[in-house]
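Take a look at the structure below.
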């Protein structure tokens, strides 16, 4: 049996009922969400009964929704977007030198970043950050670089900032102290990591506002977020220039909300660095 769920759906599409085609269309457009959605959540999003979903998966040759879900996870696991974009960049030939091409692509990407939706959600995000009891930041794999930079810079003038990362062994200890007055910034891009999604889900259940920095309003973390900062990767490069730009804007905007206090803390940081002999 071919385990590619999209191929199986396409091969059987003409024989599906109207309801099943509705379900199939949603899955084809949002296959990256399936590993994260329970059968009840999928039913709610598609307005299709649980019995119909189970029947649909069995008619496609699966034992049930769980096996279908695992097959979808296997599919997106094979299609690693960063590697695909990197391979494309390496194999593509042209007269333009690589550095100039990358600069041009990143400039083009930044020009498409600005939107009324982003501006509105950005202001809401700044309000949430400056109004929360404690700010948490999380990301995994390649997105972690943006999360750490954001954490490092905000920590220069914000006292209550915490970086949540899997693999440190103490994440459950950190999560137990979270309160609904806290706020989370989550950064996640296709392929979306389960670790980041799990943290978002946990804080969402706690009633905490969640700011998602991601590439789609239908990404798993966006669906559970209070507000979404859409910052897609640069085409053909998988560059983080857009998300880093959003991070820099957040740092500046948050710092300006209490300018005097921010400047005082930054000056104190400089004094400590000099006293400690931190720099050569």
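In UniProt numbering, the protein residues as written are 1 to 280.
Even for Gly, the Cβ is constructed at its ideal location relative to N, Cα and C.
As the structure is a prediction and not an experimental result, all values here were calculated from the model.
Beta carbon of residue i, beta carbon of residue j: below 9 Å?
i           : j           : result
residue 178 : residue 212 : no
residue 208 : residue 174 : no
residue 4   : residue 218 : no
residue 251 : residue 153 : yes
residue 56  : residue 192 : no
residue 248 : residue 231 : no
residue 182 : residue 203 : yes
residue 138 : residue 185 : yes
residue 147 : residue 166 : no
residue 233 : residue 145 : no
residue 221 : residue 238 : no
residue 240 : residue 142 : yes
residue 32  : residue 190 : yes
Consult DSSP for residue i and reduce its assignment to one of helix, strand or coil.
i           : result
residue 27  : helix
residue 162 : strand
residue 226 : coil
residue 1   : Because residue 1 sits at a pLDDT of 48, beneath the cut-off of 50, its placement in the model cannot be relied upon, and the following sentence gives the value as read from the coordinates. In this structure, residue 1 counts as coil in the three-state DSSP scheme.
residue 139 : strand
residue 280 : coil
Kindly give me the distance between the Cβ atoms of residue i and residue j, rounded to whole angstroms, as I take these residues to be in contact under 8 Å.
i           : j           : result
residue 39  : residue 65  : 5 Å
residue 46  : residue 22  : 6 Å
residue 163 : residue 151 : 4 Å
residue 113 : residue 245 : 7 Å
residue 229 : residue 118 : 6 Å
residue 60  : residue 12  : 6 Å
residue 62  : residue 49  : Not quite, the Cβ-Cβ distance comes to about 17 Å (not below 8 Å), so this is no contact.
residue 9   : residue 24  : 5 Å
Name the one or two DSSP bridge partners that residue i has.
i           : result
residue 188 : 214
residue 132 : Answer is none; residue 132 lacks a bridge partner.
residue 208 : Beta-bridge pairing links residue 208 to no other residue.
Is the closest heavy atom of the ligand ADP to the C-beta of residue i under 8 Å?
i           : result
residue 189 : By its list of ligands, the structure shown contains no ligand whatsoever, and the ligand ADP lies outside what it can speak to.
Flag residue i as yes if its beta-carbon sits less than 9 Å from any beta-carbon of chain B, otherwise no.
i           : result
residue 210 : Absent from the structure is chain B; it holds one protein chain and no more.
Whether or not the stretch 146 to 157 and the stretch 259 to 277 are in contact is what I'm after, with contact meaning three or more pairs of Cβ atoms, one per stretch, closer than 8 Å; do they touch? Segments in contact, yes.
Given 8 Å as the limit, is there contact between the stretch 126 to 142 and the stretch 253 to 262, that is, 3 or more CB pairs closer than that? yes
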